[in-house]
Structures are given as structure tokens and as C-alpha cells.
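A.B. asks: Here you go, one structure.
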Amino acid sequence: MRRPIIAGNWKLNLTITESKQLAQQLVNHLADVADRDIVIAPVFTALTSVAEIIEKSPIQLAGQNCYPQTTGAFTGEVSPKLLRDSGCHYVILGHSERRQLLGETDSFINQKLLKTLEADLKPILCIGETLQEREDQQMQEILSRQIKGGLTNLTEEQMGDVIIAYEPIWAIGTGKTATTEQAQQAHAFIRNLVLELFSPGVAAETRILYGGSVKPDNVDGLMGEEDIDGALVGGASLKAEDFSRIVRFKK
Ligand code: PEP
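Below, the structure written as C-alpha cells:
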């Protein structure tokens, strides 16, 4: 069985003090949760402070990005090794905001993903289509390109640590969630792609998260779908009560 994961992407929000406060509230709300993985991704500058607060809780830490080199002349970048050193166990890669605003390509994301695995971090690979692409019937082509590009040169064993997040771009931060049927359809398509690229065993074990305006009032329906193994949550992850309710989804 695939263990569910609920991950909160705090994006470019919260000072160190605010991040510590939110992390402490989450620890208070979620200390007893044992049957699902809980991940939060604060800004880089708050990672080590938040790591201390969540240390003895079921909550784990993620970076929001990394660079595919370990050390060297790469001004302004952060390596997977340094994220691990800051207490992270996960890293979000290929978020649509980075693809769209910073021009990240599938091959660059693939380099990061390979380097992330070397550093003992679990990558959360984000993929998803725009509204125009969906309306032009290109969703499958886009997802296929992003999955094949992002997962190039990975072994079946490495796939055990990879998490995929399907985030239709038209649903991110817009309040427009995909219907449970739309999400399930995309997730089943992605799982089948993983099967074709790797094996039935890898496909059965790969966790695929849904992201895009997940809220307390729609999480239960989404999590009831066969191929939805968790959620990547933006806006609602900044409110302790909302995120805690999402973590405590009921099928
Ligand atoms: C995200 O940023 O990954 C996201 C899904 O955001 P939101 O939940 O706000 O749509």
C-alpha cells in the first residue's frame, strides 16, 4: 500500500519568526499522526530554525528548490547536500512557478532530480498542464513530456524515492480545483506512463500527489480516488488549522 503524503509549499512567504510560529502550531495539532507522511517546505532562510521545532514531531522538512551541483562557483544557489544538512528529507522540483517564471526545462529538472537522489533527499517532481493546453487536448502530451524528461536515466531502485505531484497550472492558487474525476483521470494516466517507463511494480508503488487549490472541504473527495496518494498544498498550508485538517483527510 502507498503511504499517503500531505506536503505544504509555503512558497515565498513568512519570516523566520513567523515560520517558527506556524511550525509550532502544526506540531501542536499533528503530534499524534502516525499513518501518513507530513512535509512542510519553508523558505531557505527558515529551514534550520523550523528543523529544530519539528525535530521530535512526525513533520518532515522540504526545500522548495535546489541546484544540481554540490559545491563551487554557483553564486546564489543551494545544493541538495546543503538542504540535507539543514534537516530536509524532501525537495520540491519543477514547480510550475519555476518552470514559467524562471524558464526551468525538463532536462535541468532531471539534473536536479538525479543530484537530489545522490544526496539522500526525496524529490517531489511537479508536472502539470496550462488551461490552454488542456483545452487544446494536449494534456497527455505535456504530462508525458514532463515525466519522460524529468525521469530520464533513473533506475527502478531510485524510483522508490521519487514522488510525483500532478498540479494542473489552472488550479494553482486560483481556487479552481480539478474535479475528482479530472484528477483521477490524470493520475491514472501518469501511473500508466510510469509503468511503461519502468515496471508494473514501480508504477504500483510510486506516490502521486494532487496539487491545485486543495482545501479542507475538497481533500476528502480527492483522497478517495484510487490513484491519488496525497496532496501538495500551497495557500492552505499557511493556515495551521486548514493544513492540519487536510493532513487529517478522511477517505
Ligand atoms: C502549489 O503551489 O503547489 C499549490 C498547489 O498552490 P495552491 O494550493 O495555493 O493552489
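Numbering (the numbering used here), first residue to last: 1454 to 1704.
A virtual CB, placed ideally from N, CA and C, is assigned to each residue, including glycine.
Source: prediction; values computed, not measured.
Which whole runs of the alpha helix (DSSP H) in the segment 1606 to 1678 are 4 residues long or more, in chain order?
C.D. replies: Taking only runs of at least 4 residues, the alpha helix (DSSP H) segments lying wholly in the segment 1606 to 1678 are 1609 to 1612, 1633 to 1650, 1653 to 1658 and 1672 to 1676.
A.B. asks: Could you tell me the boundaries of the alpha helix (DSSP H) in which A1484 lies?
C.D. replies: Taken as a continuous stretch (DSSP letters only), A1484 belongs to no alpha helix (DSSP H), as it is neither H nor E.
A.B. asks: Hey, D1559 and G1602: beta-carbon distance below 7 Å or not?
C.D. replies: Yes, they are a contact pair.
A.B. asks: The beta strand (DSSP E) with G1461 in it runs from where to where?
C.D. replies: Unbroken beta strand (DSSP E) run through G1461: I1458 to N1462.
A.B. asks: Say whether the segment 1642 to 1657 touches the segment 1688 to 1700, bearing in mind that this needs 3 or more beta-carbon pairs closer than 8 Å, one atom from each stretch.
C.D. replies: Because the criterion of three Cβ pairs below 8 Å is not met, the segment 1642 to 1657 and the segment 1688 to 1700 do not touch.
A.B. asks: By DSSP's criteria, L1490 is part of a beta bridge. Which residues make up the other side?
C.D. replies: Inspection of the sequence shows that residue 1490 is occupied by Asp rather than by Leu. DSSP output for D1490 lists I1458 as bridge partner(s).
A.B. asks: Please find out if some non-hydrogen atom of the ligand PEP comes closer than 6 Å to the beta-carbon of G1581.
C.D. replies: Result no, Cβ not under 6 Å from the ligand PEP.
A.B. asks: Do I1458 and the ligand PEP come close, with the Cβ less than 6 Å from some heavy atom?
C.D. replies: Every heavy atom of the ligand PEP is 6 Å or more from the Cβ of I1458, so no.
A.B. asks: Just checking my contact of L1514 with I1493 at CB under 8 Å: how many whole Å lie between their CB atoms?
C.D. replies: At roughly 6 Å, the Cβ-Cβ gap stays under 8 Å, so L1514 and I1493 are in contact.
A.B. asks: Tell me whether Q1599 sits in a helix, a strand or coil according to DSSP, three-state version.
C.D. replies: Of the three classes helix, strand and coil, the one that applies to Q1599 here is helix, per DSSP.
A.B. asks: Assign K1703 to one of two classes, buried (16 or more other C-beta atoms within 10 Å of its C-beta) or exposed (fewer than that).
C.D. replies: When all chains shown are included, K1703 counts as exposed.
A.B. asks: Distance, Cα to Cα, P1669 vs V1700?
C.D. replies: When rounded, the distance between both Cα atoms is 9 Å.
A.B. asks: Can the beta-carbon of G1438 be found less than 7 Å from the beta-carbon of S1549?
C.D. replies: Residue 1438 lies beyond the stretch modelled for the chain, which goes from 1454 to 1704, so this question has no answer here.
A.B. asks: Can you grab the Cα-Cα spacing for the pair D1490 / A1460, in whole Å?
C.D. replies: The straight-line gap from Cα to Cα measures roughly 8 Å.
A.B. asks: So L1584 and I1643 are in contact, right, with Cβ under 8 Å, and what is the actual spacing, rounded?
C.D. replies: Not quite, the Cβ-Cβ distance comes to about 19 Å (not below 8 Å), so this is no contact.
A.B. asks: How many angstroms separate the CA atom of R1455 from the CA atom of Q1637?
C.D. replies: Rounded to whole angstroms, R1455 to Q1637 spans 16 Å at the Cα level.
A.B. asks: Where G1628 and A1657 are concerned, what is the direct C-alpha to C-alpha distance, given to the nearest angstrom?
C.D. replies: So the alpha carbons of these two residues sit roughly 30 Å apart.
A.B. asks: Helix, strand or coil, according to DSSP, for A1684 in the structure here?
C.D. replies: Residue state, collapsed to three classes: strand.
A.B. asks: Thinking S1666 and A1624 are a contact (beta carbons under 8 Å), I'd like their distance in whole angstroms, please.
C.D. replies: Indeed they touch by this definition, with Cβ atoms about 5 Å apart.
A.B. asks: Please confirm whether any heavy atom of the ligand ATP lies closer than 6 Å to the CB of L1483.
C.D. replies: Summarising the ligand content, the structure contains the ligand PEP and does not contain the ligand ATP.
A.B. asks: Flag this pair as touching only if the segment 1559 to 1573 and the segment 1606 to 1614 have three or more C-beta atom pairs under 8 Å; answer yes or no.
C.D. replies: Yes, they touch.
A.B. asks: Which term fits K1575, buried or exposed, when burial requires 16 or more other beta carbons within 10 angstroms of its beta carbon?
C.D. replies: Result: buried.
A.B. asks: Just list the alpha helix (DSSP H) runs in the segment 1498 to 1581, keeping only unbroken ones of 4 residues or longer that don't cross its boundaries, in chain order.
C.D. replies: Counting whole runs of 4 or more residues, the segment 1498 to 1581 contains the alpha helix (DSSP H) stretches 1500 to 1507, 1533 to 1538, 1549 to 1555 and 1559 to 1571.
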